[in-house]
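According to the UniProt record's numbering, the sequence shown is numbered sequentially starting from 1.
In this text, a Cβ means the ideal position worked out from N, Cα and C, and glycines have one as well.
Shown next, in structure tokens, is the structure this report addresses.
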Amino acid sequence: MEQSGVPAGSGMTSDRTGAAGTPDSAKPGTGTTEPMAAARIVEIRTRIDEIDRTLIELWQERAELSREVGATRMASGGTRLVLSREQEILERFRSALGADGTQLALLLLRAGRGPL
């Protein structure tokens, strides 16, 4: 056993490694041991997490507004769905995002009106 408490022959050295042989300069979960790259990845992921929180909040707000539109329409004797409006939304997302946009729009519509 080396003085660091790491077994001799383990392949891990005591001069630059932390837990499980990971270099001290590496940030866990970044996929790199290069300190500058790891730091940048952490920065980018922080912003991604902020965007995700905002997207979730907006998703929830949109779904609630859509449910309110449907309830208001039905309470006034209107139909449960307006297919032309759904087509408009599908086309908007498809035009902006391609096939993935269509899938996203379908999920958004379902969140607001429920499954068909």
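Same chain, Cβ closer than 8 Å to residue i, five either side skipped, listed in chain order
i	result
Gly31	Ile41
Assumed close pair residue i, residue j - CB separation to whole angstroms, cut-off 8 Å
i	j	result
Ser76	Arg113	Not a contact, Cβ separation roughly 16 Å.
Thr79	Arg73	7 Å
Arg110	Thr102	Between Thr102 and Arg110 the Cβ distance is about 13 Å, and since that is not below 8 Å, they are no contact.
Closest Cα partner of residue i within the set the options
i	options	result
Glu57	Leu108, Pro115, Leu116	Leu108
Glu91	Ile48, Arg110, Leu106, Thr79	Leu106
Val82	Leu116, Ile44, Thr46	Leu116
With 16 other Cβ atoms within 10 Å as the buried cut-off, status of residue i
i	result
Ala71	exposed
Ala38	buried
Neighbourhood of residue i by C-beta distance below 6 Å, restricted to the same chain and skipping five residues each side
i	result
Ala63	Ala111, Gly112
Gln60	none
Cβ-based neighbour list, residue i, same chain, cut-off 7 Å, excluding 5 preceding and 5 following
i	result
Glu88	none
residue 181	Beyond the ends of the chain as shown, which are 1 and 116, falls residue 181; an answer cannot be given.
Met36	none
TODO: Could you name each continuous alpha helix (DSSP H) segment of 4 residues or more that falls completely within the UniProt domain "Chorismate mutase" (35 to 116), going from the start of the chain to the end?
DONE: 35 to 75, 83 to 97, 99 to 113
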